[in-house]
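Comments concern the structure below.
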Amino acid sequence: MSRIAAKFGGTSCASAAQIRKVKSIVDEDPRRQVVVVSAPGKRVKTEAKVTDLLYLCAETVQIGADARGTFDVIAERFLEIERELGVDAGIASEMELFWEQLKAGVTLDFVASRGEYWNAKIVARFLDAIFIDPLKSISILSNGLVDPATYEALGAELQPGRRYLIPGFYGRGPDGQVKTFSRGGSDISGAIAARAIGAVVYENWTDVSGFLMADPRIIDSPRPMVEVTYRELRELSYMGASVLHDEATLPVREVGIPIQIKNTNEPSHPGTRIVSRLSDQEEKTTAIAGIAGKETFSMICIEKSLMNKEVGFTYRALGILQQRGLSIEHVPSSIDGLNIICDSEKLLPQADQVLKEIQTQLSPDKVTLVRELALIAIVGEGMSRTIGISARVFGALARANVNVQVINQGASEVNIIVGVAPADFKTAIAALYHEFVDSKSGQPRV
């Protein structure tokens with residue numbers, strides 16, 4: 002039988018009622034044999050996440066203050082879940098042990114990982130699953146990435162025909178101690194488990210029914226994506242879309258395992274499927290996968306006659322920024338012009354000095370700084386095969402009276418990036434969404 006790895010996020014594990022939904026979902030499909038859980042999330046917006054409370058505990062102890070109040074809130078949260086589910090996972094004893102460990106001194110990673118650990122203990126009992134401790138089974142390298150040897154070792158441990166429960170977010174570091182992934186690392190743990198068992202699909206259960214084609218803070222009720230490629234997802238993520246982090250997709254992307262984003266509160270909804278290659282049905286569509294953008298950029302504009310004849314000009318210009326530790330986002334150019342786009346937060350504090358160095362070392366005819374720039378990405382694998390996409394992009398923006406300051410499109414045509422004034426950012430996204438998703442001429446990928 003093929004197997005499924007299912008990861009349930011913090012909102013899916015926020016209470017006993019939510020965990021009962023998890024059990025119903027897991028029981029519904031016998032292929033769901035490997036389950037990964039996060040620490041309990043917020044039950045209401047004003048409530049703190051368990052992981053945040055754990056960090057607060059560690060910080061309080063570190064400064065010599067009394068962390069007992071915060072600890073008691075954490076302990077009661079887990080004891081309540083255990084009590085309401087009617088299981089005995091030994092949480093009271095676990096809490097007593099942790100309190101003593103906390104006072105004696107433990108690493109921050111150890112403290113942060115306990116939310117997943119305790120939650121997995123409870124859910125394992127409730128699902129009658131075998132508990133797998135990542136401290137023994139998942140090896141994390143010093144750079145924070147999973148040790149490739151983990152896949153084979155963990156796969157040998159997760160035998161078919163049994164149900165397993167794995168805490169997310171952490172594993173074993175090179176020193177043998179608990180080491181956490183980056184924040185949101187339970188998604189990574191789920192992907193590792195999926196690859197280890199050669200899953201037919203990696204299900205990521207959350208509180209939304211898939212990824213949306215645009216930001217719901219800008220577009221009212223944007224349509225969800227039914228299918229998106231890993232490549233498209235990376236482009237959307239880079240431009241600020243709320244999707245999975247690159248590290249969370251890498252383990253399964255490398256071996257072609259699809260990811261299905263599902264809603265624990267609406268399990269019948271198909272959600273969004275992330276694939277290496279679009280299905281034949283999706284290949285037939287001519288529209289975009291999604292629209293995303295950020296308002297956090299600045300641009301250095303360099304002009305010099307016969308720039309194209311000056312060997313190494315671009316190399317030297319970029320070198321000035323590299324020496325100052327500045328990451329370069331985009332470099333649109335013309336025959337006598339070079340534009341360098343960087344993150345505003347990093348560039349602006351040292352912009353005056355950077356411009357002086359460019360003037361001194363490159364002797365340009367003119368060098369200026371655009372302090373505020375918004376970038377918008379229109380993303381879709383099918384754009385290179387579709388005539389008129391660019392015309393529709395710029396036509397839609399012109400009709401909305403949006404001036405385009407920057408245009409950048411690679412040869413692969415997975416995306417078209419346009420730069421606009423921050424004041425036009427929301428208007429531009431709304432115009433593009435209407436053109437490709439809401440207009441009658443558009444064929445949305447839904």
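Position in the sequence shown (first residue = 1) + 1 = the working numbering.
Built from N, CA and C at the ideal position, the CB exists for glycine as well.
- In the three-state reduction of the DSSP assignment, K137 falls in the helix class.
- Fully enclosed alpha helix (DSSP H) runs of no fewer than 4 residues occupy 345-348, 352-363 of the segment 323-374, in order along the chain.
- Around S385, the same chain offers E414 as residues with beta carbons nearer than 6 Å, after the five sequence neighbours per side are excluded.
- When secondary structure is reduced to three states using DSSP, S299 falls in the strand class.
- For T230, the uninterrupted beta strand (DSSP E) segment begins and ends at 228-230.
- Each residue's CA atom was taken as its position, placing E81 and A90 some 12 Å apart.
- Nearest neighbour of R393 by Cα position, chosen from V419, A125, R69, turns out to be V419.
- When the beta-carbon positions are compared, I167 and A121 come within less than 8 Å of each other.
- Around the beta carbon of E330, 16 or more other beta carbons sit within 10 angstroms, so the residue counts as buried.
- Put simply, the segment 236-244 does not touch the segment 186-193. Fewer than three CB pairs are less than 8 Å apart.
- DSSP places T61 in the uninterrupted alpha helix (DSSP H) bounded by 51-63.
- Here K310 is exposed. Its C-beta has fewer than 16 other C-beta atoms within 10 Å.
- With contacts defined as CB atoms closer than 8 Å, V36 and Y165 qualify as a contacting pair.
- Sixteen is the threshold: when 16 or more other Cβ atoms of the shown chains lie within 10 Å of the Cβ of K263, as they do, the residue is buried.
- Under DSSP, T273 forms a beta bridge with I262.
- For P252, the uninterrupted alpha helix (DSSP H) run begins and ends at 247-254, by DSSP.
- Of the other Cβ atoms in all chains shown, 16 or more fall within 10 Å of the Cβ of T273; this residue is therefore buried.
- Closest in alpha carbon position to Y152, among K137, C302, R163, L57, is K137.
- When DSSP reads this structure, P223 sits in no beta bridge, so it has no partner.
- In the displayed model, R173 falls within a strand according to three-state DSSP.
- A59 is positioned such that its CB atom lies no closer than 8 Å to that of L98.
- For the set S299, T207, E255, T61, the Cα lying nearest the Cα of P149 is the one of E255.
- For F437, no beta strand (DSSP E) segment is defined, and its DSSP state is neither H nor E.
- Relative to G185, the option among Q406, I289, V51, A429 whose CA is nearest is V51.
- By the C-beta density criterion, V88 is buried, having at least 16 other C-beta atoms within 10 angstroms.
- In the structure shown, the three-state DSSP call for K8 is strand.
- For I321 against E358, the beta-carbon gap comes to about 5 Å, under 8 Å, which counts as contact.
- Short of 6 Å from the beta carbon of K347, and not among the five residues preceding or following it, lie these beta carbons of its own chain, in chain order: L327.
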